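Quick note on numbering: the numbering used here labels position 216 of the sequence shown as 1409, and the sequence is numbered without any gaps.
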Amino acid sequence: MGSKTPRGERLSIALIGRRNVGKSSLINALTGQEIAIVDDHPGTTTDPVAKPFELLPFGPVTFYDTAGIDDIGGVGEKRVRASLKILWRSDIALLVTDSKGLGPDEKNIIGQLEKTGIPFLILFNKSDSGSPPSASPELCRKKKYPFVFLSTKNGDGIKEAREKVITLASSLAAEERPLIRDILRPGETVLLITPIDPGAPKGRLILPQVQVLRDILDGDALAFTAKETDINRALNTLKEPPSLVITDSQVIGLVDKHVPESIPLTTFSTAFARYKGELAVLTEGARLLDTLKDGDSLLIAEACSHHVQCDDIGRVKIPRWLKDYTGKELNLTIAAGHDFPDDLEKFSLVIHCGGCMLTATEMKRRMRQCLARGVPVTNYGVAISKMHGVLDRIVRPFGL
Ligand code: SF4
């Protein structure tokens, strides 16, 4: 894949650290190219800059060069916020420091990275001009933080740093699990319920449905597809009950009524919630719908900022179901795009879209970002199932 690889398929690697620790030089050293502007004056990088690169033998990544986390003044604080937003969206963080070692700025970032679960590597740059206090590498050894001493000036440690970045990237890629086939046996039949209503795209199924179908076939199982108006006919046509029914969340109430309790039932969204995030966390978030009070604020978050298929779900259907289910006067905010609002903490719950355009690591990261800031999170499909009284049933196939 070249530099045209879609953003969602590239691993994001953010370089973060104080001003003038050599983040831009480090990008150039790691890539062997002059792709970042280097200057000895502190604060040369003012806004985050994306550098797509083919990190062989791993594959396509984007390095993000960020402004210093110790930047000062009104504008400086804005730059720090922009750097942190990039950090929370990255798959891997490279925490760069110099001979000052791990001070309060670095320890604060490490604490946040641990909370959000973003894997990181600590790079002690400028080893040519002095060593950091021994307490810094000692802390790394004690806490098992990976670290490298290096110098972008004489090249010491660059090869080792590059190899460690590739190892981290490869372990993240290996983490991705099958979508559904791991709970199926070869030869089993799955019934897929896909409504074809006016909101459905012309002439095709939507991406999550196609991906589930492909995963079933990859698992050597059989897939049988019907509209929600044909559930009974589909069930009667099959000689034996299907091993699993997977339905679009929007018709879960209807499908739940027609599919006997003895047949496991779930939704496309639930399958994706497990694949892309932590289903247990999202389930827990959905259960909190029962605890909402008048005046609570909820964030409905969509990953895409352009007009999307799920527009109507987030803006019309979920608000209506929330009102009917909770009976409370809730303050709903709808946010679309990469970033959550800065005042995320004010929300009692985040209801996130299914994230069909996001990688699994990106979706997990968004959830962890909520949890790190003390805000429970669920997603559209899991919340819809909760509001239709079938949450326990649709998570059961996944052992919850
Ligand atoms: S990523 Fe989210 S907002 Fe974008 S199309 Fe998928 S579900 Fe909709």
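Ideal Cβ placement from N, Cα and C applies to all residues, glycine included.
All of these numbers come straight from a predicted model, not from anything done at the bench.
Straight-line gap, residue i to residue j (C-alpha atoms, nearest Å)
i: Pro1325; j: Asp1291; result: 7 angstroms
i: Val1289; j: Asp1349; result: 15 angstroms
i: Leu1537; j: Arg1566; result: 7 angstroms
i: Lys1420; j: Leu1482; result: 29 angstroms
i: Val1273; j: Asp1585; result: 42 angstroms
i: Gly1520; j: Gly1446; result: 19 angstroms
i: Val1358; j: Asp1390; result: 46 angstroms
i: Glu1331; j: Phe1340; result: 11 angstroms
i: Ser1218; j: Arg1378; result: 51 angstroms
i: Pro1594; j: Asp1321; result: The first residue shown for the chain is 1194 and the last is 1593, placing residue 1594 beyond what the model contains.
i: Asp1411; j: Cys1333; result: 42 angstroms
i: Asp1264; j: Arg1212; result: 7 angstroms
i: Met1560; j: Leu1472; result: 11 angstroms
i: Ala1528; j: Ile1302; result: 26 angstroms
i: Thr1430; j: Ile1386; result: 14 angstroms
i: Pro1534; j: Cys1563; result: 11 angstroms
i: Gly1195; j: Gly1267; result: In this prediction, Gly1195 has a pLDDT of 37, which is less than 50 and means its spatial position is unreliable; what the coordinates show is noted afterwards. Cα-Cα distance, rounded: 39 angstroms.
i: Lys1395; j: Arg1467; result: 28 angstroms
i: Asp1258; j: Lys1271; result: 16 angstroms
i: Ile1376; j: Ala1414; result: 11 angstroms
i: Ile1399; j: Ile1506; result: 14 angstroms
i: Ser1329; j: Ala1362; result: 24 angstroms
i: Pro1308; j: Leu1523; result: Strictly speaking, residue 1308 in this sequence is Lys, with Pro absent from that position. Between Lys1308 and Leu1523, the C-alpha separation is close to 29 angstroms.
i: Leu1406; j: Gly1304; result: 40 angstroms
i: Gly1225; j: Ala1576; result: 47 angstroms
Residue j beta carbon less than 9 angstroms from that of residue i
i: Ser1578; j: Ser1455; result: no
i: Phe1540; j: Ser1498; result: no
i: Ser1276; j: Pro1241; result: yes
i: Leu1295; j: Leu1314; result: no
i: Val1452; j: Val1474; result: no
i: Thr1382; j: Phe1417; result: yes
i: Gly1548; j: Glu1555; result: yes
i: Lys1346; j: Lys1319; result: yes
i: Leu1428; j: Gly1478; result: no
i: Thr1476; j: Leu1365; result: no
Residue i, buried or exposed, once every other Cβ within 10 Å from all chains shown has been counted against 16
i: Val1214; result: buried
i: Glu1299; result: buried
i: Arg1589; result: exposed
i: Ala1496; result: buried
i: Gly1574; result: buried
i: Asp1408; result: buried
i: Ala1207; result: buried
i: Gln1443; result: buried
i: Lys1337; result: exposed
i: Arg1558; result: buried
i: Ser1205; result: buried
i: Lys1216; result: buried
i: Arg1374; result: buried
i: Ile1587; result: buried
Distance between beta carbons of residue j and residue i, contact taken as under 8 angstroms
i: Ile1311; j: Ser1283; result: 6 angstroms
i: Val1570; j: His1545; result: 6 angstroms
i: Arg1203; j: Pro1250; result: Going by Cβ atoms, the distance from Arg1203 to Pro1250 rounds to 16 angstroms, so no, they are not a contact pair.
i: Thr1440; j: Val1448; result: 4 angstroms
i: Leu1343; j: Leu1316; result: 6 angstroms
Closer than 9 angstroms to chain D by CB, residue i
i: Ala1528; result: Among the protein chains of the structure shown there is no chain D, as only one such chain exists.
Closest Cα partner of residue i within the set the options
i: Leu1485; options: Met1580, Arg1559, Gly1507 and Gly1296; result: Met1580
i: Thr1552; options: Thr1422, Asp1258, Pro1401 and Ala1414; result: Pro1401
i: Ile1511; options: Glu1522, Asn1524, Ala1528 and Ile1493; result: Ile1493
i: Asn1425; options: Leu1384, Gly1392, Gln1404 and Arg1397; result: Leu1384
i: Gly1530; options: Asn1524, Met1550 and Leu1523; result: Met1550
i: Pro1388; options: Asp1423, Ile1285, Lys1432 and Ala1464; result: Asp1423
i: Ile1403; options: Leu1564, Ala1464 and Ile1351; result: Residue identity differs from the one stated: residue 1403 is Val in this sequence, not Ile. Nearest C-alpha to Val1403: Ala1464.
i: Lys1516; options: Asp1535, Asp1487 and Pro1534; result: Asp1487
i: Glu1247; options: Ile1351, Arg1355 and Lys1319; result: Arg1355
i: Gly1210; options: Leu1280, Ser1436, Leu1223 and Gly1380; result: Leu1280
i: Ile1154; options: Ala1362, Val1543, Leu1223 and Thr1476; result: Look at the range of the chain in this structure, 1194 to 1593, and you will see that residue 1154 is not part of it.
i: Asn1572; options: Lys1469, Tyr1518 and Gly1582; result: Lys1469
i: Pro1457; options: Ala1393, Leu1406 and Val1583; result: Val1583
i: Tyr1518; options: Arg1480, Arg1508, Thr1526 and Asp1532; result: Arg1480
i: Glu1433; options: Gly1380, Ala1243 and Gly1392; result: Gly1380
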